[in-house]
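Have a look at the structure below, then the notes.
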Amino acid sequence: MIDLEGKNVLSIEVKESPVKPVFATLNKIPVAFKRVGRTNPKMDVNELRRIFLEGKEFLWDSMICEGATLDDIDWERVEWFKSLYRYLSGREILTDNKKLLENFKCLKNGAVNNSGILLFGKEPHKFFPNNRITVIRYPGDEVSDRYLDIMDFYGNLFDLIDKTNKYIREHIQIASVLIPGQIPREEISQYPLFAIRELIVNAVAHRDYSVVGSRIIIRLFKNRIEYNNPGGFPPGITPENIADMQCSRNPTIVDVMSKVRYIESIGDGINRVLNLVKNHPLKPELPLFMEVGNSVIVVLYGADMRKMEQDEYEKKLSERQKKIVEYLKENSRITRGICMNILNISKDTAVRELSYLKSKNIIGQKSIGRGIYYVLK
Numbered sequence: 038m039i040d041l042e043g044k045n046v047l048s049i050e051v052k053e054s055p056v057k058p059v060f061a062t063l064n065k066i067p068v069a070f071k072r073v074g075r076t077n078p079k080m081d082v083n084e085l086r087r088i089f090l091e092g093k094e095f096l097w098d099s100m101i102c103e104g105a106t107l108d109d110i111d112w113e114r115v116e117w118f119k120s121l122y123r124y125l126s127g128r129e130i131l132t133d134n135k136k137l138l139e140n141f142k143c144l145k146n147g148a149v150n151n152s153g154i155l156l157f158g159k160e161p162h163k164f165f166p167n168n169r170i171t172v173i174r175y176p177g178d179e180v181s182d183r184y185l186d187i188m189d190f191y192g193n194l195f196d197l198i199d200k201t202n203k204y205i206r207e208h209i210q211i212a213s214v215l216i217p218g219q220i221p222r223e224e225i226s227q228y229p230l231f232a233i234r235e236l237i238v239n240a241v242a243h244r245d246y247s248v249v250g251s252r253i254i255i256r257l258f259k260n261r262i263e264y265n266n267p268g269g270f271p272p273g274i275t276p277e278n279i280a281d282m283q284c285s286r287n288p289t290i291v292d293v294m295s296k297v298r299y300i301e302s303i304g305d306g307i308n309r310v311l312n313l314v315k316n317h318p319l320k321p322e323l324p325l326f327m328e329v330g331n332s333v334i335v336v337l338y339g340a341d342m343r344k345m346e347q348d349e350y351e352k353k354l355s356e357r358q359k360k361i362v363e364y365l366k367e368n369s370r371i372t373r374g375i376c377m378n379i380l381n382i383s384k385d386t387a388v389r390e391l392s393y394l395k396s397k398n399i400i401g402q403k404s405i406g407r408g409i410y411y412v413l414k
């Protein structure tokens, strides 16, 4: 009993169970609940399966792949892996291919496990129908019934990463700018290219493959990229600590990928993404990490490439035009009369200067009643 504002209150402390999930009996049926805000909804089948598999003895990627044999392994892909490893490390892999997969824990007592099929299988989709990435391109900033394109990518995990990364890079904005003192022009991408690829890699390497009926979906909008990944965050990972904590529900997959630098072996990929976004010359918003239902959603915001175009145009402006732009940067609007006063020019010249800036999409024209004014775009 505790005293609370002069009243005796019965306090019951329930310690966290080391074994999860914990079931309660509801109408003679065992049910597990979870805490979401102030509510206690029931866990669905996928959430229960995830919790069971998160025990070390039930790691999904080390489980035997039912129905798979060594004939389902793409041995040319294994040779590709060895060549890439030799190129990156300068060291030769002398082990024969079967022994190599055993060393990588892709084979268990001669049987192919889930990671072996996902990494080196001829047709991983045959065993895991949802082992694919769907990319949807929209014309605007919101989900709509109308889309520009929709693509499904299949293959082993290396193929999924490479195909998806190539497609997205082909459909983002890139500006070419002239840097003072440099002869070649420098390309500025709407998104840091490493960030695009790293978030694909994270989705592939850390997704919850035990979730039935779900696949990775990437939505490409005009102003952002959204990565929707099946399964919540691994144990101990939250949106707040994701850059600092390391945890993987697929350690075999992560280990193999790290050997050929498809994933950051020291786990600093998210930190690199954040730093690249912070240092982008156009300063886009920082990425957003969310857990929504039984999925992780990452939003990578794009830079406003119009700023780059405006900067390029501003370098070519006359002194009078530059003064108009500077005035608008310090004030919300400018009129023809103000333009005449601050530049000491005639009405016709003011109209000509404002019209030029408007034609280059640097300023926009607005009106209140019969009054016309101009603002920066």
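So the number in this note's numbering is just where the residue sits in the sequence shown, counting from 1, plus 37.
In this text, a Cβ means the ideal position worked out from N, Cα and C, and glycines have one as well.
* **DSSP state of PHE270 mapped onto helix, strand, coil** => coil
* According to DSSP, which residues form a beta bridge with VAL336? -> GLU263, LEU325
* Delimiting residues of the alpha helix (DSSP H) encompassing GLY401 -> Here GLY401 belongs to no alpha helix (DSSP H); instead the beta strand (DSSP E) covers 400–405.
* Best match in LYS119, TYR184, ASN266, ALA148 for proximity to ARG169 [C-alpha to C-alpha] -> Taking ARG169 as reference, the option from LYS119, TYR184, ASN266, ALA148 with the minimal CA-CA separation is ASN266.
* To do: Pull up the distance between the alpha-carbon of MET80 and that of ASP98, whole angstroms please.
  => 23 Å
* Asked: Which term fits PRO55, buried or exposed, when burial requires 16 or more other beta carbons within 10 angstroms of its beta carbon?
  -> For PRO55, the predicted structure reports a pLDDT of 49, less than 50, and the residue's modelled location is therefore unreliable. A value from the coordinates is still provided. By the neighbour-count rule (16 or more Cβ atoms within 10 Å), PRO55 is not buried but exposed.
* Which runs of the alpha helix (DSSP H) spanning at least 4 residues fall entirely within the stretch 87–131, listed in chain order? -> 112–126
* Asked: Going straight from the alpha carbon of TRP117 to that of ASP245, what length do you get?
  -> 27 Å
* Alpha-carbon to alpha-carbon, ILE237 and LYS353 -> Near 39 Å, if we compare the C-alpha coordinates of ILE237 and LYS353.
* Alpha-carbon to alpha-carbon, ILE255 and VAL336 -> 10 Å
* Asked: Would MET294 be called buried (16 or more neighbouring beta carbons within 10 Å of its own) or exposed?
  -> buried
* Coarse secondary structure for TYR184, derived from DSSP in three states -> Looking at TYR184 - three-state DSSP - the assignment turns out to be coil, as it is neither helix nor strand.
* Please name the residue, chosen from ARG114, PRO271, PRO58, GLY268, that lies closest to VAL297 on a Cα-to-Cα basis. => ARG114
* Based on the DSSP secondary-structure assignment, which residues constitute the bridge partners of ASN150? -> ILE101
* DSSP three-state assignment for PRO55, whether helix, strand or coil -> Residue confidence is low: PRO55 scores 49 on pLDDT, short of 50, so the model does not pin down where it sits. Its coordinate-derived value is still stated next. Assignment of PRO55 by DSSP, reduced to helix, strand and coil, places it in the coil class.
* **Short Cβ contact (8 Å threshold) for HIS243 with ASN287** => Yes, the pair counts as a contact, with Cβ atoms nearer than the cut-off.
* What number of angstroms, rounded off, separates the C-alpha of LEU311 from the C-alpha of GLU277? -> Computed Cα separation, rounded: 13 Å.
* Segment limits, beta strand (DSSP E) that includes TYR246 -> Run containing TYR246: none; DSSP gives neither H nor E here.
* **For ASN36, the residue or residues it bridges with in DSSP** => The structure shown does not extend to residue 36, since the chain is modelled only from 38 through 414, so no value can be given for it.
* Distance CB(TYR338)-CB(ASN260) smaller than 8 Å -> yes
* How long is the line joining the alpha carbons of ALA69 and ILE39, rounded to whole angstroms? -> 30 Å
* Asked: DSSP three-state call for TYR364: helix, strand or coil?
  -> helix
* Would THR289 be called buried (16 or more neighbouring beta carbons within 10 Å of its own) or exposed? -> buried
* What span of residues does the beta strand (DSSP E) with PHE60 cover, start to end? -> 60–63
* To do: Round the Cβ separation of ARG373 and LYS366 to the nearest angstrom and send it over; I've been treating them as touching at under 8 Å.
  => In fact, because the Cβ distance is near 19 Å, the residues do not count as touching under 8 Å.
* Please classify THR372: does DSSP put it in a helix, a strand, or coil? => Annotated three-state conformation of THR372 is coil, per DSSP.
* C-beta contact flag for PHE195 and TYR364 at 8 Å -> no
* **Euclidean distance between Cα positions of ASP323 and PHE258** => This sequence places Leu at residue 323; Asp is not what is there. Going by the C-alpha atoms only, they are around 16 Å apart.
* ASN331 and GLY269: beta carbons closer than 8 Å? -> yes
* Asked: Whole-angstrom Cβ separation of ILE198 and VAL241, contact assumed at under 8 Å?
  -> Your pair ILE198 and VAL241 checks out as a contact, with CB atoms roughly 6 Å apart and the cut at 8 Å.
* Asked: Which residues mark the beginning and the end of the alpha helix (DSSP H) in which ALA280 is found?
  -> First-last for ALA280: undefined, no H or E at that position.
* Roughly how many whole angstroms lie between the Cα atoms of ALA280 and GLY306? -> Whole-angstrom Cα-Cα distance: 8 Å.
* **ILE400 beta carbon less than 8 Å from that of LEU415** => Nothing about residue 415 can be reported from this structure: the residues present for the chain run from 38 to 414 only.
* To do: Given a cut-off of 8 Å, decide if GLY192 and LYS200 are closer than it, judged by their beta-carbon atoms.
  => In this structure, GLY192 lies closer than 8 Å to LYS200 by Cβ.
* Residues in its own chain within less than 7 Å of ASN134 by CB, not counting five upstream and five downstream? -> TRP112, VAL115
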